[in-house]
Amino acid sequence: MKDNKTSDKKDSSADNVDEYLQTLGSDDAREMLYYSQEQPFSAEEVTRLINEERLNELLAQSDAFLHGLNSEIEGFDE
1 MKDNKTSDKK DSSADNVDEY LQTLGSDDAR EMLYYSQEQP FSAEEVTRLI
51 NEERLNELLA QSDAFLHGLN SEIEGFDE
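In case it helps, UniProt numbering puts the sequence shown at residues 1 to 78.
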């Protein structure tokens, strides 16, 4: 049973590689392949995925860093 799963994965990978190799010669096809792999998220999905508390912590850290950096840059000429 395990051999069948391995075989299926190999076939799938081979198909993907073959498809990719066929698009190498065409910029338009390569671009379409790239954009076809994008997955748009609805507002509800984004809201569910984002950890708002952690995001606010990161924003506060980046603000503090930029403030400190700005202070250092202003005093650099002195």
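Note that beta-carbon positions come from the ideal geometry of N, C-alpha and C, so glycine has one too.
Taking residue i as part of the alpha helix (DSSP H), name the residues at either end of that continuous run.
i   : result
D38 : This sequence places Glu at residue 38; Asp is not what is there. Segment: none, E38 is in no alpha helix (DSSP H) and carries neither H nor E.
I73 : 52-74
Taking the straight line between their C-alpha atoms, what separation do you get for residue i and residue j?
i   : j   : result
A43 : F65 : 30 Å
Q39 : D63 : 31 Å
D15 : D28 : 20 Å
E45 : N51 : 12 Å
T47 : F41 : 10 Å
Taking DSSP as the reference, what is the three-state secondary structure of residue i?
i   : result
S13 : helix
T47 : helix
Would you say residue i touches the ligand COA, meaning its beta carbon is less than 6 Å from a heavy atom?
i   : result
L66 : Among the ligands in the structure shown, none appear at all, so the ligand COA cannot be discussed.
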